[in-house]
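Novice: Residue numbers for the sequence shown, in the working numbering: 258 to 400.
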Amino acid sequence: MDIDAWLWWLIGAAVLGIALVITAMPELGMLAVGAVAAAVVSGVFGGGAVLQVVVFAVVSTALIAVVRPIAKRQRTQRPQHATGVDALKGRQAVVLERVDGSGGRIKLAGEVWSARALDSGHAFEVGQEVDVVEIEGATAIVM
Numbered sequence: 258m259d260i261d262a263w264l265w266w267l268i269g270a271a272v273l274g275i276a277l278v279i280t281a282m283p284e285l286g287m288l289a290v291g292a293v294a295a296a297v298v299s300g301v302f303g304g305g306a307v308l309q310v311v312v313f314a315v316v317s318t319a320l321i322a323v324v325r326p327i328a329k330r331q332r333t334q335r336p337q338h339a340t341g342v343d344a345l346k347g348r349q350a351v352v353l354e355r356v357d358g359s360g361g362r363i364k365l366a367g368e369v370w371s372a373r374a375l376d377s378g379h380a381f382e383v384g385q386e387v388d389v390v391e392i393e394g395a396t397a398i399v400m
């Protein structure tokens, strides 16, 4: 039983795809796409073994060279829209109860929060606007 070259390339692509799922290495997916391209060259265009290997190498290398830097950039960028507690940092709040180094209360984003002054020697009086610098648990650190 003689198996055509295009079928071997598809088997190789399937093995690389399974390895991609198991290891979560995106490079294996790019190699799988290269193997599919080589299978197309073999099965559809009847290309020889050298051409198949060249197409596999070129497609795989091109995908790794182009897609990998884009994926790396996407992974290292912070989200453009802050959510949750991160969205509260830098916002202004109004003091409801005197805030000093030991505590107090503020109204932040329509909710009442416990707060503490960043500088323990500084105090903020009722009605004063403060800036939220950090959130530690359920306490806003203000200045």
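The beta-carbon is built from N, C-alpha and C at its ideal position, and this holds for glycine as well.
Specify the secondary structure class of residue 354 as computed by DSSP and reduced to three states.
Specialist: strand
Novice: Nearest to residue 323 by CA position, among 284, 346, 353 and 292, is which residue?
Specialist: Each of 284, 346, 353 and 292 was checked against the Cα of residue 323, and the nearest Cα belongs to 284.
Novice: Is there contact between the stretch 323 to 334 and the stretch 348 to 366, where contact requires at least three CB pairs shorter than 8 Å?
Specialist: No, because fewer than three Cβ pairs between the stretch 323 to 334 and the stretch 348 to 366 fall closer than 8 Å, the two stretches do not touch.
Novice: Please list the terminal residues of the continuous beta strand (DSSP E) segment that includes residue 373.
Specialist: Here the beta strand (DSSP E) through residue 373 covers 368 to 374.
Novice: State the Cα-Cα distance for the pair residue 208 and residue 328, rounded to the nearest angstrom.
Specialist: This structure gives no information on residue 208, because the portion of the chain shown stretches from 258 to 400.
Novice: Is the beta carbon of residue 313 closer than 7 Å to that of residue 289?
Specialist: no
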